[in-house]
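Student: Those letters in the sequence shown? Residues 1 to 457, by our numbering.
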Amino acid sequence: MTEGLSIKTLKQTISSFQSEKILVIGLGETGLSYANFFADKEIPLIFYDDNKFPRKLNQIRHLYPDANYYLDGNICTENFTMVLISPGISPSHELIQQITEKSITILTDLDIFCSFNDAKKIIITGTNGKTTVATIIHKILSSAGIASVLGGNIFPPILDLINKKGDIFVIEASSFQLHYSNNIHANISVILNICEDHLDWHPSFDDYKKAKLKLTNCSDEMVINTDDDITLDNSNILNVLNYGIENQERADFTFDKTKESSTITLQQEKYLTINNPYLDFYHNKSNLLAITCICHLLNIDKNILKMELENFNGLPHRMETITTNDNIQWINDSKSTNSSSLYAAISSFKRNTTLIMGGDDKGSKFNQLHINLRKSSVKKIILIGKSKKRFLSILGSEFNCSMANNLEEAVKIASNLAETNEIVLFSPGCSSKDMFIDYIDRGNCFIESINNYSSKI
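Structure, rendered in structure tokens:
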């Protein structure tokens, strides 16, 4: 690994490479971004992927026609100077274990970006909400006349933006990126929350937490959620701005409990009032506070902050109302890929709800599932995907559960079960990889299924 190298030293080291053996693992979007960056510097690379026909192979071959490509799973790791890793590659991968045992330097696109780009950086991570927060911050900065550039875990890959001119780079960072990154720096970093997720990739929840918490050691200023005990207890940097809804005593920014409107307070003094029904959901209110903290640190005009927050209608596949048929509201929350996002979704409604959930549970325990369902307005549950039988065994004795073979069938069942003035909520709480390309593909399938079924009624 690369612990102990300064960012300046890392830049000098990479810039001096000519004959070293540098291995790129993973020939997807990130692998292509490595190829673009190093080809520009005329530094030779070697490429590896588990798949014989990786997605970006042709584009990479165009940049490196004479390079060695290992696409059959067989490669000797001897004599490699450095490994450039893609975030989808798990530490349990046999090749990564060999590389780690031999103490070969592993770098991420985030390491390289921080070493070569001197602009101000805001790095945002968290189990849930990071794309929403990063997107809104980017919009606010742009409205304030600040040249903002958005990238990272949210498309495009951060290394593709390394030569782009900008005053501030807003970077969404995943636990996969942070796990391998040891040479990063943020002017402001934000940890929104840390909940159980990606246990099919990380060897343990402790490893997942450790990856997220790396930001506490590489930031000038931090924004911390006081409602998240893990983050709060591990914040060891002096310049911290806190926010919270439940744990208000320790929060700098919170909501005025005496007001029904979204009145934000700073140290118990009125700061700003936001009127936007979309922000009434609990998790959106928490994200709103995080955004306010960031803007406060950047001295953003409060009128601009208010305008952008009141105009924000959400991102696709996140608590998105698709249609209302026969006074039944259909909500697409396909981005719900873990238990905590599922719990946030089902706690958002008072009207009777039919829940469609399931997929690949990624090894998560769902210990609080019963408790959260009991407290919610969910009356009927339709289970789909790889985990449906597991969830049926957990929930079937207490809740009204049905199983569906696919999402189209789940929509049909929900249409028959839901009654007037009720809600049908699609919040899977699981990964989409068992049945779909990604959560976007899954969400689009849900929307298409609603439209197809509605047209037949």
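Idealized CB from N, CA, C, for every residue including glycine.
1) Are the region 360-369 and the region 335-346 touching by the rule of at least three beta carbon pairs closer than 8 Å?
2) Indicate the three-state DSSP secondary structure (helix, strand or coil) for residue 1 in the structure shown.
3) Go through its chain and collect everything with a Cβ distance to residue 134's Cβ below 7 Å, but skip five positions before and after it.
4) Expressed to the nearest angstrom, what Euclidean distance is found between the alpha-carbon atoms of residue 214 and residue 450?
5) From this set, 88, 410, 83, 93, which residue's C-alpha is nearest residue 103's C-alpha?
6) Nearest CA to the CA of residue 284: which residue from 77, 408, 192, 70?
7) Using DSSP with H/G/I as helix, E/B as strand and the rest coil, what is residue 430?
8) CA-CA distance, residue 22 and residue 77?
9) If you count every other CB in all the chains shown that lies within 10 Å of the CB of residue 188, and 16 or more means buried, which is it?
10) Helix, strand or coil for residue 307? Go by DSSP, reduced to three states.
11) Can you give the Cα-Cα distance for residue 121 and residue 398, rounded to whole angstroms?
12) For residue 116, I'd like the list of residues in its chain whose CB is within less than 7 Å of its CB, leaving aside the five on either flank, ordered along the chain.
13) Relative to the C-alpha of residue 128, which candidate in 430, 446, 90 has its C-alpha closest?
14) Whether or not the region 60-74 and the region 132-148 are in contact is what I'm after, with contact meaning three or more pairs of Cβ atoms, one per stretch, closer than 8 Å; do they touch?
15) CA-CA distance, residue 20 and residue 38?
16) In three-state terms, what does DSSP make of residue 349?
17) Which same chain residues, not among the five before or five after residue 365, have their C-beta less than 7 Å away from its C-beta?
18) Helix, strand or coil for residue 243 per DSSP?
19) Span of the alpha helix (DSSP H) holding residue 371?
20) In the DSSP assignment, find the beta strand (DSSP E) that holds residue 255 and state where it starts and stops.
21) Taking its Cβ as the centre, do 16 or more other Cβ atoms sit within 10 Å of residue 4, making it buried, or is it exposed?
22) Please state whether DSSP places residue 219 in a helix, a strand or coil.
23) Measure the Cβ-Cβ separation of residue 200 and residue 363 and say whether it is below 8 Å.
24) Assuming residue 424 and residue 354 make a contact with CB atoms under 8 Å, what is their CB distance in whole Å?
25) So, under 8 Å CB-CB, residue 352 and residue 377 are touching, yes? Tell me the CB distance rounded to an integer number of Å.
26) Per the contact definition of three or more C-beta pairs closer than 8 Å, is the region 406-422 in contact with the region 387-395?
27) On the premise that residue 276 lies in contact with residue 232, defined as a C-beta separation below 8 Å, what is that separation, rounded to the nearest angstrom?
28) Which value, in whole angstroms, describes the spacing of the CA atoms of residue 298 and residue 52?
29) With a floor of 4 residues, list each alpha helix (DSSP H) that falls wholly inside the region 107-143, ordered by position along the chain.
30) Could you please give the first and the last residue of the uninterrupted alpha helix (DSSP H) stretch that includes residue 150?
31) The beta strand (DSSP E) that contains residue 279, what's its start and end?
32) When you compare the CB positions of residue 305 and residue 292, do they come within less than 8 Å of one another, or not?
33) Looking at residue 132: is its Cβ nearer than 8 Å to the Cβ of residue 315?
34) Measure the alpha-carbon distance for residue 110 versus residue 436 and round it to whole angstroms.
35) So what's residue 199 in DSSP terms, helix, strand or just coil?
Tutor: So, from the data block:
1) yes
2) Model confidence at residue 1 stands at a pLDDT of 43, short of 50, so the residue's coordinates are unreliable and nothing is read from them.
3) 124, 150, 154, 170, 172
4) Those two C-alpha atoms are separated by around 42 Å.
5) Looking at the Cα atoms, 83 is the closest of the given residues.
6) 192
7) coil
8) 10 Å
9) buried
10) In the structure shown, residue 307 sits in a helix (DSSP, three-state: H, G or I).
11) 48 Å
12) Excluding sequence neighbours, residue 116 sits near 11, 162.
13) 430
14) No: the two stretches stay apart, fewer than three of their Cβ pairs being nearer than 8 Å.
15) 12 Å
16) coil
17) When the five nearest sequence neighbours on each side are left out, the beta carbons in the same chain lying within less than 7 Å of the beta carbon of residue 365 are those of 196, in order along the chain.
18) strand
19) 369-375
20) Taken as a continuous stretch (DSSP letters only), the beta strand (DSSP E) holding residue 255 covers 253-255.
21) With a pLDDT of only 47 at residue 4, under 50, the local geometry of the prediction cannot be trusted, and the value read off the model is given with reservation. By the neighbour-count rule (16 or more Cβ atoms within 10 Å), residue 4 is not buried but exposed.
22) strand
23) yes
24) 5 Å
25) About 6 Å separates the two Cβ atoms, so the contact holds.
26) no
27) In fact, because the Cβ distance is near 27 Å, the residues do not count as touching under 8 Å.
28) 47 Å
29) 109-116, 130-143
30) Not the alpha helix (DSSP H): residue 150 falls in the beta strand (DSSP E), residues 148-152.
31) Premise fails: residue 279 is in no beta strand (DSSP E) and is neither H nor E.
32) yes
33) Yes. Within cutoff.
34) 28 Å
35) The answer is coil: DSSP assigns residue 199 none of H, G, I, E or B.
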